[in-house]
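With the working numbering, letter number 149 in the sequence shown gets 149, and the count goes up by one each step, no holes.
Ideal Cβ positions, reconstructed from N, Cα and C, are used throughout, including at glycine.
Heads up, the thing below is written out as structure tokens.
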Amino acid sequence: MIKIDVFSDTVCPWCYIGKKRLDKAISKFSHEEFKITWRPFQLNPNMQADGMDRKEYLVSKFGSEDGANTVYENIHNEGLKENIDFQFDKIQVTPNSFNSHRLLALAYQKNLQNDVIEDLFQSYFLKGMDIGDPTILLDIAKNHQINEDEFKQYLTDKNNIEPLANEELEARRMGINSVPTFIVNQQLVINGAQQVENFELIFSKILSKVH
Numbered sequence: 001m002i003k004i005d006v007f008s009d010t011v012c013p014w015c016y017i018g019k020k021r022l023d024k025a026i027s028k029f030s031h032e033e034f035k036i037t038w039r040p041f042q043l044n045p046n047m048q049a050d051g052m053d054r055k056e057y058l059v060s061k062f063g064s065e066d067g068a069n070t071v072y073e074n075i076h077n078e079g080l081k082e083n084i085d086f087q088f089d090k091i092q093v094t095p096n097s098f099n100s101h102r103l104l105a106l107a108y109q110k111n112l113q114n115d116v117i118e119d120l121f122q123s124y125f126l127k128g129m130d131i132g133d134p135t136i137l138l139d140i141a142k143n144h145q146i147n148e149d150e151f152k153q154y155l156t157d158k159n160n161i162e163p164l165a166n167e168e169l170e171a172r173r174m175g176i177n178s179v180p181t182f183i184v185n186q187q188l189v190i191n192g193a194q195q196v197e198n199f200e201l202i203f204s205k206i207l208s209k210v211h
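This is how it looks when you write it as structure tokens:
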């Protein structure tokens with residue numbers, strides 16, 4: 001088995017691209033077992049709870065809308081190569097992503113993380129939904145047969161906040177400062193949305209030592 005820990009943020013377009021490339025690489029190794037764990041990393045840890053107007057956020061981050069448009073045009077073109085048609089214009093709010101990571105933590109318990117994170121990425125990047133809104137997150141949870149009452153209870157339970165926050169702090173202590181970051185078998189650290197071929201090469205080398 002190859003274990004892959006992915007530190008990512010649900011509002012990170014490169015993380016979505018990285019997921020598609022990882023999925024494509026894994027599909028080439030259909031006889032092997034992979035265990036993927038999605039771990040939290042907030043690009044905007046100080047974001048207000050109800051998020052921020054998208055245009056204001058882009059100006060604050062890139063200095064101007066034109067500066068942001070140049071960056072996102074490049075991301076859009078890279079996305080198209082992986083069959084992702086980013087709909088950045090539909091996004092009205094840049095959300096606080098912490099509750100979406102809490103949904104992923106619950107999904108981990110049910111072995112549903114890969115499906116739920118795909119839904120989160122699609123909801124945000126293709127439909128422009130505010131994935132910081134608990135009602136939106138509830139709809140996503142229900143899409144994957146996560147019980148409504150269980151999810152609501154999970155969101156109101158303060159006891160699961162600190163462990164998740166500590167997981168992110170530990171990532172920063174490990175030197176992770178950008179996402180996506182892939183850690184393979186708790187040893188090999190891969191930064192960025194690697195090309196499919198790079199993942200394939202890494203997996204082939206690991207498996208050649210096993211078989």
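Which residues bound the alpha helix (DSSP H) around residue i?
i: K110; result: It is not in any alpha helix (DSSP H) - K110 carries neither H nor E in the DSSP assignment.
i: N69; result: 65-81
i: F151; result: 148-156
i: F62; result: 54-62
i: A171; result: 161-173
Going by Cα to Cα distance, which pick from the options is closest to residue i?
i: G132; options: V6, M1, V11; result: V11
i: H76; options: E167, S178, I17; result: I17
i: I4; options: I117, V196, V189, I84; result: V189
i: K20; options: Q194, Q109, S64; result: Q194
i: F125; options: G79, E78, Q48, F86; result: F86
i: W38; options: L22, L58, M1; result: L22
i: K110; options: K205, E82, F88, K142; result: K142
i: E78; options: R173, P13, E167; result: P13
i: H31; options: A49, V184, I2; result: I2
i: V93; options: M47, I117, L103, H101; result: M47
Residue i by DSSP, collapsed to three states: which one?
i: N96; result: coil
i: K20; result: helix
i: K35; result: strand
i: F29; result: coil
i: F199; result: helix
i: D139; result: helix
i: D89; result: helix
i: P40; result: strand
i: V210; result: helix
i: P45; result: coil
How big is the Cα-Cα spacing for residue i and residue j?
i: G51; j: S97; result: 9 Å
i: T70; j: D119; result: 27 Å
i: G63; j: I36; result: 36 Å
i: T181; j: N160; result: 23 Å
i: L169; j: S8; result: 13 Å
i: Q122; j: I140; result: 10 Å
i: P95; j: S60; result: 15 Å
i: L201; j: E73; result: 29 Å
i: N191; j: E148; result: 36 Å
i: P134; j: I146; result: 14 Å
i: K55; j: S204; result: 43 Å
i: D53; j: D66; result: 17 Å
Between residue i and residue j, which are expected to be in contact by the criterion C-beta below 8 Å, what is the C-beta distance as a whole number of angstroms?
i: L155; j: A105; result: Rounded, the Cβ-Cβ distance is 11 Å, inconsistent with contact.
i: F41; j: V179; result: 5 Å
i: K90; j: G128; result: 3 Å
i: A107; j: H144; result: 7 Å
i: V196; j: A25; result: 5 Å
Output the boundary residues of the beta strand (DSSP E) element that contains residue i.
i: S8; result: 2-8
i: I190; result: 188-191
i: L184; result: Residue identity differs from the one stated: residue 184 is Val in this sequence, not Leu. Note, V184: beta strand (DSSP E), 181-184.
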